[in-house]
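Here's the structure we're looking at; comments come further down.
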Amino acid sequence: MKKRLLLTTSLICIGLSAQAQLRFGVMGGFQSSQLHASASGVRLSTSGLLGIHIGGVVEYAVNEKLYIQPGLMLSFKGGNYRDGFDAYKTSLTYLEVPVQAIYKHEIGSGKLVGGIGPYFGFLMGGTDDDEPIAVGKEVKGFDAGLKLSGGYELTEKKLLLNLFYNAGLANINPSSLIKLKNSTVGLSITYFFGGQ
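Mature numbering (1 follows the signal peptide of the UniProt record, and there is no 0) puts the sequence shown at residues -20 to -1, 1 to 176.
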């Protein structure tokens, strides 16, 4: 009986400890995205397309300075381009899963924050000059790249202000003749529920 009670108490303590190391947040912000095309040594990029991203994150504290932060968000990407006098716009809607290693260093009443890690994107749909895009035929349904971020956390207000850059590494063009990649730069605001 004592062994069972000790085991149960230990499991509860471990569970509470694990919960104390986790916190959840909601994230949103603005971004500017581009599409980069390359073929036979020639590279072209669209001009920036303004969009938003919105979603949530989970933050796990490895120790006082190192954190693991996976997320799930809707991200609106694409690019603007011109062909002579005509202007075109490609809009792409992704469900993105970033996973970052976050380093925090206390400065003043808050923390300086830097992060790096991969992101994975799943194309939900899109338009090319207001015409629907056929996912998988015109644009691949999967994207992946590297996310870099830096910002400042207002500890008492549980707010994180973050600048980020997503460098697309995957070719999202189904054609093997032209490589097409995403890139995004933006500003995020995250509100956390819970301590730390």
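No residue lacks a Cβ here, since even glycine has one placed at the ideal position from N, Cα and C.
Run through DSSP, which three-state label would Thr135 get?
Reduced to three states, the DSSP call for Thr135 is coil.
Pull up the distance between the alpha-carbon of Ala67 and that of Met53, whole angstroms please.
Spanning the two alpha carbons is a distance of roughly 29 angstroms.
At the level of alpha carbons, what is the spacing between Ser129 and Leu29?
Approximately 20 angstroms between the Cα atoms of the pair.
Among the residues of its own chain, which have a CB less than 6 angstroms from the CB of Gln14, if the five just before and after it don't count?
Annotation for Gln14: Ser25, Thr26, Gly28, Gly59 and Ser163 place their beta carbon closer than 6 angstroms to its own, counting only its chain and skipping 5 residues before and after.
Starting from the C-beta of Ser12, find all residues in its chain whose C-beta is less than 8 angstroms away, skip the five residues before and the five after it, and write them out in chain order.
Excluding residues up to 5 positions away in sequence, Gly28, Leu29, Leu30, Gly31, Thr164, Val165 and Gly166 lie with their Cβ nearer than 8 angstroms to the Cβ of Ser12 in the same chain.
Contact between the segment 42 to 52 and the segment 69 to 86 (3+ Cβ pairs under 8 angstroms):
Using a Cβ-Cβ distance cut-off of 8 angstroms, the segment 42 to 52 and the segment 69 to 86 are in contact, since at least three pairs of beta carbons, one from each stretch, lie closer than that value.
What does Leu52 pair with, by DSSP beta-bridge criteria?
For Leu52, the beta-bridge partners assigned by DSSP are Gly36.
Using only alpha-carbon positions, find the residue among Leu141, Ser155 and Leu126 that is nearest to Leu149.
Ranked by how close their Cα comes to the Cα of Leu149, the residues Leu141, Ser155 and Leu126 have Leu126 in first place.
Quick one: what's Ala124 bridged to in DSSP?
DSSP lists Phe100 as partners of Ala124.
Integer-rounded CB distance, given that Tyr61 should sit under 8 angstroms from Gly90
About 40 angstroms separates the two Cβ atoms, so there is no contact after all.
If you check the beta carbons only, do Phe100 and Thr73 fall under 8 angstroms apart?
With contacts defined as CB atoms closer than 8 angstroms, Phe100 and Thr73 fail to qualify as a contacting pair.
Neighbourhood of Val38 by C-beta, 6 angstroms cutoff - its chain only, sequence neighbours within 5 removed
Contacts found: Phe4 and Pro50.
Along the chain, where does the beta strand (DSSP E) that runs through Lys159 open and close?
Residues Lys159 to Phe173.
Where does Lys117 sit, in a helix, a strand or coil, going by DSSP?
Coil at Lys117, not helix or strand.
As a quick exercise: from Gly174, Asn142 and Gly105, pick the residue whose alpha carbon is nearest that of Glu136.
From the listed residues Gly174, Asn142 and Gly105, the smallest Cα separation to Glu136 is found for Gly174.
Throw me the rounded Cβ distance for the Tyr117 and Pro78 pair, which I believe falls under 8 angstroms.
Here residue 117 is Lys; the residue named in the question, Tyr, does not match the sequence. Not quite, the Cβ-Cβ distance comes to about 27 angstroms (not below 8 angstroms), so this is no contact.
Does the beta-carbon of Asp123 have 16 or more other beta-carbons within 10 angstroms, so that it is buried, or is it exposed?
Looking at its Cβ environment, which holds 16 or more other Cβ atoms inside 10 Å, Asp123 is buried.
Lys45 - DSSP class collapsed to helix/strand/coil
DSSP places Lys45 in coil when its eight states are reduced to three.
Based on the DSSP secondary-structure assignment, which residues constitute the bridge partners of Phe144?
Ser129 and Gly166.
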